[in-house]
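Numbering follows the working numbering, with no gaps: position 360 of the sequence shown is 360.
To start, the structure under review is shown below, and the notes come after it.
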Amino acid sequence: MRPHTTAPLRSRIRQGFELNMRRPSVLIVLLMLIHNAQAQPLTVDPETIVPLPDKFDMEMPAPDVPPEIARFQGAWIGTWHDDRHILVVERVRPDGHANVVFAQSDSALYGMNREWWRGEATIVDGVLTMTGFRTFRYAFDGPDRLYLTATIASGGASGNVTSGALVRADAARLAAGDRPSEWPWPGERMWIPHLTVRTPDGARPIMLEATFYPPAGSDPAPLAIMTHGSDVGRNQLRSWSFSTEAHWLRDNGFAVLALMRRGRGRSEGINGEENFGRDHDGSLIDVSAGITEAVEDLSSAIAYAGKLPNVRPGPVLLAGQSRGGFLSMHYAGLKPGEVMAVVNFSGGWYPYGPVTTPYYAGAGHGAAKKVPQLWLYADNDKLYSEALIREYYQAFAAAGGSARFELLHGVPGDGHLLRLYPDRWRSIADRFLTSLNR
Numbered sequence: 001m002r003p004h005t006t007a008p009l010r011s012r013i014r015q016g017f018e019l020n021m022r023r024p025s026v027l028i029v030l031l032m033l034i035h036n037a038q039a040q041p042l043t044v045d046p047e048t049i050v051p052l053p054d055k056f057d058m059e060m061p062a063p064d065v066p067p068e069i070a071r072f073q074g075a076w077i078g079t080w081h082d083d084r085h086i087l088v089v090e091r092v093r094p095d096g097h098a099n100v101v102f103a104q105s106d107s108a109l110y111g112m113n114r115e116w117w118r119g120e121a122t123i124v125d126g127v128l129t130m131t132g133f134r135t136f137r138y139a140f141d142g143p144d145r146l147y148l149t150a151t152i153a154s155g156g157a158s159g160n161v162t163s164g165a166l167v168r169a170d171a172a173r174l175a176a177g178d179r180p181s182e183w184p185w186p187g188e189r190m191w192i193p194h195l196t197v198r199t200p201d202g203a204r205p206i207m208l209e210a211t212f213y214p215p216a217g218s219d220p221a222p223l224a225i226m227t228h229g230s231d232v233g234r235n236q237l238r239s240w241s242f243s244t245e246a247h248w249l250r251d252n253g254f255a256v257l258a259l260m261r262r263g264r265g266r267s268e269g270i271n272g273e274e275n276f277g278r279d280h281d282g283s284l285i286d287v288s289a290g291i292t293e294a295v296e297d298l299s300s301a302i303a304y305a306g307k308l309p310n311v312r313p314g315p316v317l318l319a320g321q322s323r324g325g326f327l328s329m330h331y332a333g334l335k336p337g338e339v340m341a342v343v344n345f346s347g348g349w350y351p352y353g354p355v356t357t358p359y360y361a362g363a364g365h366g367a368a369k370k371v372p373q374l375w376l377y378a379d380n381d382k383l384y385s386e387a388l389i390r391e392y393y394q395a396f397a398a399a400g401g402s403a404r405f406e407l408l409h410g411v412p413g414d415g416h417l418l419r420l421y422p423d424r425w426r427s428i429a430d431r432f433l434t435s436l437n438r
C-alpha cells in the first residue's frame, strides 16, 4: 500500500521551522503555503471551466469602422444552450470581417467538451455570424447584451436550434483567469414563494426558481409560462432558461416566465413526480401524486407572476415540453378560467395509456371549447408512439376538448425533441397565437 504523503510533508515543514526560526520572512511564507494548501478545494465542477488563451490580440476599431460593426469589438460572457460560453471579438474591419475567440464549457447534457478556438466571422445588418457545422448568430438585445442562436447547418440534426445570451466583460480579466461566481443568465432569475409547501421547520415557503423575460415593448403584456419535462436522472438538477421559446413568445407580444418545478434546477423542495403508485406485481396503477405536486407548483407561479411589472392581469398562456406540455393541458382542464390558451410540445406524463389516457379525457371535459389549444407532436417520438399520441387526442376530443392537433413528419432524430426545430412548428404556432383573443 502506498504510504500517505501527509507525514513526510509535515516532517519537511518541521525541519524548515528548525532551520529558519531566525528568518521570520521564510516562516511567514511557509505558513501561507500551508494555509493555501488547506483551503484548496478538492474538486472542481468541470462544467464551470471555460478555457481561454493566455492573452488576446485585441485591436481597437479604426475610425472608418461603422459604429454598428465597431460595437461588437470586445469580450462577451454568458450562456449557450444554458452552458457557459465566452466570445471575444479581437478586431473588426470596415467591411464587416472580424477575428474572434470562441470558448465553451463541458456539457454532459449535450456531450460537448470544453474548448477554445480562434476563427473568423462576418458582421452584416447588425448580426455577427460564424459558419461551420453550426451557424452562430449574435445580435444585440440591449446596449451591452447579445442574443445568440446556434443552428446546425447540415446532417441528420439539420435545423436544430439552441440559444443563449451574453453580456460585455473585461477581456484582460478574462485572460488572467477571472470568472464570475454567478454566470450571466438569458433572463432575470427570480424566486417564487410556494403557496402550500413550507421548509421543514415551517419558517417560510419553499422557493421555486424561474426566469423572467419582460415584454419587448413598454406596455403591459399578457403572461406566458413555459415549463419543462421530467428531466430524470443526471439532468434533473439542471436549470432551463427556455430562451428560444421565450424570445418566440416575446416576439408574439407576451411577457414570459420559465418555471422550474420543485426539486429541479435551483428550486427548493423534493421532486416527488416519480412517486408512482404500483400494484403488488410492480405494474403502474397511479400517477396522481406527482401530477398534484406539479399543479401546486404551477398554481404558485401563476399567482406570483401575475403581479410582476409590465404583466397584464388576466388569464395566462401555458406552454410546456413533454411533462410540461401535459401539465399545461391538465391545468387548463382543472382551472379553465385562469388559462388563455395552451401550447403543448410533445406532451405526456408517462407513456402508459391505461393510466394516463383518462387524464386527457378529464382535461377535454374541463377545458371543453373554453381554452384554445395547440398540440405539436412528431410521428417519430421515441417516448410516445404515434398510436398512443392519437389515443390521447381522441380521448381529449371525445370528452369535448378542442385543440389544433399537429402530428409532424420528418423531424430529425428523436421527435420528442421537436421544440428544438422551430422551422418545423413556428409558422403553425405563430398563426395560432395570432388567432387568440388577447
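For every residue, glycine included, the Cβ atom is placed at its ideal position computed from N, Cα and C.
Candidates Gly364, Pro336, Gly325, Ala294: which alpha carbon is nearest valine 316's? It is Pro336 whose Cα lies nearest to the Cα of valine 316.
Starting from the Cα of glutamine 321, find the closest Cα among Gln373, Met226, Arg261, Ile69 and give me that residue. It is Met226.
Alpha-carbon to alpha-carbon, proline 222 and arginine 438: About 8 Å.
Using 8 Å as the cut-off, can you tell me whether the region 395-411 makes contact with the region 205-223, which would need three or more C-beta pairs spanning the two stretches below that distance? The region 395-411 is not in contact with the region 205-223.
For a test of the three-state rule: what should DSSP assign to glycine 156, helix, strand or coil? Three-state result, glycine 156: coil.
Rounded to whole angstroms, what is the Cα-Cα separation between threonine 131 and glutamate 120? Those two C-alpha atoms are separated by around 9 Å.
Please name the residue, chosen from Tyr350, Gly111, Leu374, Leu109, that lies closest to lysine 382 on a Cα-to-Cα basis. Ranking Tyr350, Gly111, Leu374, Leu109 by Cα distance to lysine 382 puts Tyr350 first.
Using alpha carbons as the reference points, say which of Phe254, Leu298, Ala255, Gly353 lies closest to leucine 284. Here the closest residue by C-alpha is Gly353.
Roughly how many angstroms lie between the CA atoms of leucine 30 and valine 161, to the nearest whole one? Because leucine 30 carries a pLDDT of 42, less than 50, the predicted location of this residue cannot be relied on, and no value is offered for it.
Taking the beta strand (DSSP E) that glutamate 47 belongs to, which residues open and close that run? Per DSSP, glutamate 47 belongs to no beta strand (DSSP E) and is neither H nor E.
Looking at the structure shown, is glycine 233 part of a helix, part of a strand, or coil, going by DSSP? In this predicted model, glycine 233 has a pLDDT of only 49, less than 50, meaning its place in the structure is not dependable enough to derive any value.
Do the region 379-397 and the region 250-265 meet, that is, are 3 or more Cβ pairs less than 8 Å apart? The region 379-397 vs the region 250-265: no contact.
Between which two residues does the alpha helix (DSSP H) carrying phenylalanine 326 extend? 323-334 is the span of the alpha helix (DSSP H), which, as asked, contains phenylalanine 326.
So leucine 249 is in the alpha helix (DSSP H); what residue range does that whole segment cover? In the DSSP annotation of this structure, the continuous segment of the alpha helix (DSSP H) that includes leucine 249 starts and ends at 243-251.
Since I believe valine 339 is in contact with alanine 319 (beta carbons under 8 Å), could you give me their beta-carbon distance rounded to a whole number of angstroms? 11 Å between Cβ atoms; not a contact.
Tell me whether the region 183-191 and the region 278-297 touch, counting them as touching only if at least three CB pairs, one residue from each stretch, are closer than 8 Å. With a cut-off of 8 Å, the region 278-297 and the region 183-191 do not count as touching, because too few Cβ pairs lie within range.
Once DSSP output is grouped into helix, strand and coil, what is the label at phenylalanine 136? Of the three classes helix, strand and coil, the one that applies to phenylalanine 136 here is strand, per DSSP.
Report the option in Tyr304, Met58, Asp141, Leu87 whose CA atom is closest to the CA atom of aspartate 251. Checked all of Tyr304, Met58, Asp141, Leu87; the closest Cα to aspartate 251 is Asp141.
Taking the beta carbon of serine 107 as the centre, do at least 16 other beta carbons fall within 10 Å, making it buried, or is it exposed? It is buried - the Cβ of serine 107 has at least 16 other Cβ atoms within 10 Å.
Sequence-distant residues of the same chain with beta carbon closer than 6 Å to leucine 407, five excluded per side: Tyr377, Asp379, listed in sequence order.
Quick one: what's got a C-beta closer than 6 Å to arginine 419's C-beta in the same chain, skipping five residues either side? Within the same chain, arginine 419 has close Cβ partners Gln321, Phe345.
Can you list the beta strand (DSSP E) stretches of 3 or more residues lying completely in the region 248-299, in chain order? For the region 248-299, whole beta strand (DSSP E) runs of length 3 or above, ordered along the chain, are 255-259, 284-286.
I'd like the span of the beta strand (DSSP E) that includes alanine 440, first residue to last. Given a span of 1 to 438 for the chain in the structure shown, any question on residue 440 remains unanswerable.
Where the beta strand (DSSP E) containing alanine 387 begins and where it ends: Per DSSP, alanine 387 is not a residue of any beta strand (DSSP E); the alpha helix (DSSP H) it occupies stretches across 386-398.
For proline 358, is the classification buried or exposed, using 16 other Cβ atoms within 10 angstroms of its Cβ as the cut-off for buried? It counts as exposed.
Inter-residue spacing [alpha-carbon to alpha-carbon] between leucine 195 and proline 66: Each residue's CA atom was taken as its position, placing leucine 195 and proline 66 some 53 Å apart.
With a threshold of 8 Å, are at least 3 pairs of Cβ atoms found where one atom belongs to the region 195-214 and the other to the region 78-98? Too few Cβ pairs lie closer than 8 Å, so no.
Are valine 197 and glycine 269 closer than 7 Å when you measure CB to CB? For valine 197 and glycine 269, yes; Cβs fall inside 7 Å.
Are the region 293-304 and the region 324-335 in contact at 8 Å, needing three or more beta carbon pairs? Contact between the region 293-304 and the region 324-335 is present, because at least three Cβ pairs lie under 8 Å.
Quick check: the Cα distance between glycine 314 and glycine 306, rounded to an integer number of angstroms? If I take the Cα positions, the gap works out to 8 Å.
Tell me, which residues are paired with glutamine 373 by DSSP? Glutamine 373 is bridged to Val342.
Closest Cα partner of glutamine 394 within the set Trp191, Leu298, Tyr360, Tyr421: It is Tyr360.
Between the C-alpha atoms of tryptophan 248 and alanine 429, what's the straight-line distance to the nearest angstrom? Approximately 10 Å, taken between the alpha carbons.
So the alpha helix (DSSP H) tryptophan 425 belongs to, where does it begin and stop? Unbroken alpha helix (DSSP H) run through tryptophan 425: 422-434.
Under 8 Å by Cβ, that's how I've got glutamine 73 and proline 61 pegged, so tell me the actual separation to the nearest angstrom. About 5 Å; that satisfies the 8 Å criterion.
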